[in-house]
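K.L.:
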Amino acid sequence: MIEPVIVWELILRGAAIGALAATSAGLWRSGSSAIRVSGLMLTLSAAAYVLNSHELTRMALGDGLASIPVHFLALGGAGWFWMFIVTLFEDRPISPLSFTAGGLLTIVGLIGWIGRQEMSSPVWIIHNLIEAAFAIHALFVIVSSWRGDLVEARRRMRGPVLGVVTIYVVALSGFEIAEGLGLRQDWFDLAGSAALAFMCGLGAMAFLEAQPSLFGSAAPAAVSTPDGLDAGDRLVLTKLEALMAEGEAWKREGLTIGALADEVGAPEHKLRRLINDHLGFRNFAAFVNARRIDAAKARLADPANARESVSTIAFDLGFGSLGPFNRAFKEVTGQTPTEWRRERLAETGNP
């Protein structure tokens, strides 16, 4: 007969898988292809981990074909978590590079799994270090892009996500360290199952509703007519347009929404709302970079500037380094600045 503690562990893990299914359904209704793909990979890998991290479920799967996809998906969990975080909080589109994190962890894990290596072997140590690196970077993304986030629902979500994930990672590390020191307790497995059910349940609560504002398109919408705005909001938008057009505030390196809010004389939260709701941008960097990329395209296409280096143009337009400029330009045009310039100059007979 199965002991009551194990029954509770299985119930909790079943609840976790049910919550993951609900989360996946909510993310699928988001309408965003990037969120659908990254959310599906995250929930599938999390469900695989739930099954793969308990002795009874591993025994039920056995060593046959049914166990292969479960083991395979569980190996890249931290990488798929990273992909989901950067997709959700940075509006990154899905590209082949998006699968690098999960793919790398899966390959390293497969080497350890196929080679029947012990969990203390160098292969699994490397796997764990890579997992930690991607998890830490995902948490860094949540914090670093917080200030420039213009979507209020997403801003409110950052704190709870950061707190819950951090607590879970610290607790999991504590359990693993205790086991490594020979201090394992009988209640560790039950606590782990409860933590998984709690985490997955919170995810279902957060994403089941699939708020449209949370998963909007990464590309900015066309500028809308500020109908329905009161006189104060209209004045703020007018001042903002003057600063960005005649004042060319977008050329300033390190421009922040706080500084811009001070200049237009509006609270920061109000300016975020206006830029998001009425200008269609989901983050401040995209709002500023839209002006910079338009200016860059004009300079790159001008034969008179054919000998001007791409880096000079980037620095003149407010970018602190060439890397962010290249990424922002390619995200908008699908080409690097050099490729775009070559095509435009060829069209005008100036290769």
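In this text, residue positions in the sequence shown follow numbering that gives the first Met the number 0: the first is 0, and each later residue adds one.
Positions of the beta carbon are idealized from the N, C-alpha and C atoms, including for glycine.
1. Throw me the rounded Cβ distance for the Leu-149 and Ile-274 pair, which I believe falls under 8 Å.
2. Considering Ile-135, what are the terminal residues of the alpha helix (DSSP H) in which it resides?
3. For Gly-317 and Asp-185, what's the separation of their Cα atoms in angstroms?
4. Between which residues of its own chain and Phe-280 is the CB-CB distance below 7 Å, once the five residues before and five after are set aside?
5. State the Cα-Cα distance for the pair Ala-24 and Phe-83, rounded to the nearest angstrom.
6. At which residues does the alpha helix (DSSP H) containing Arg-298 begin and terminate?
7. Which same chain residues, not among the five before or five after Ile-312, have their C-beta less than 6 Å away from its C-beta?
8. In angstroms, rounded to a whole number, what distance separates the CA positions of Ser-216 and Gly-333?
9. Does DSSP put Asp-148 in a helix, in a strand, or in coil?
10. Per DSSP, what kind of secondary structure is Gly-158 in: helix, strand or coil?
11. What's the call for Thr-337, buried or exposed, on a 16-neighbour Cβ count within 10 Å?
12. Which of the three DSSP states is assigned to Ser-32 in this structure?
13. Between Phe-283 and the rest of its own chain, which residues show a CB-CB distance below 7 Å, the 5 nearest in sequence each way excluded?
14. In this structure, does DSSP put Thr-335 in helix, strand or coil?
15. Could you check where the alpha helix (DSSP H) with Ile-67 kicks off and where it finishes?
16. Assuming Trp-249 and Arg-290 form a contact by the criterion Cβ under 8 Å, report the distance between their Cβ atoms to the nearest whole angstrom.
17. Between which two residues does the alpha helix (DSSP H) carrying Asp-261 extend?
18. Pick out whichever of Thr-335, Leu-74, Leu-236 has its Cα sitting closest to the Cα of Ala-265.
19. If you draw a straight line from the alpha carbon of Pro-225 to that of His-277, how long is it in whole angstroms?
20. Whole angstroms is fine: what's the gap from Asp-301's alpha carbon to Leu-344's?
P.N.:
Looking at the atomic coordinates:
1. 5 Å
2. 121-143
3. 58 Å
4. Leu-149, Pro-219, Ile-274, Phe-286
5. 15 Å
6. 283-300
7. Ala-295, Arg-298
8. Because Ser-216 carries a pLDDT of 47, less than 50, the predicted location of this residue cannot be relied on, and no value is offered for it.
9. strand
10. helix
11. exposed
12. helix
13. Gly-147, Leu-149, Ile-256
14. coil
15. 66-74
16. 4 Å
17. 256-263
18. Leu-236
19. With a pLDDT of 49 at Pro-225, under the threshold of 50, the predicted position of this residue should be treated as unreliable, though the coordinate-derived value follows. Each residue's Cα considered, the two are about 6 Å apart.
20. 8 Å
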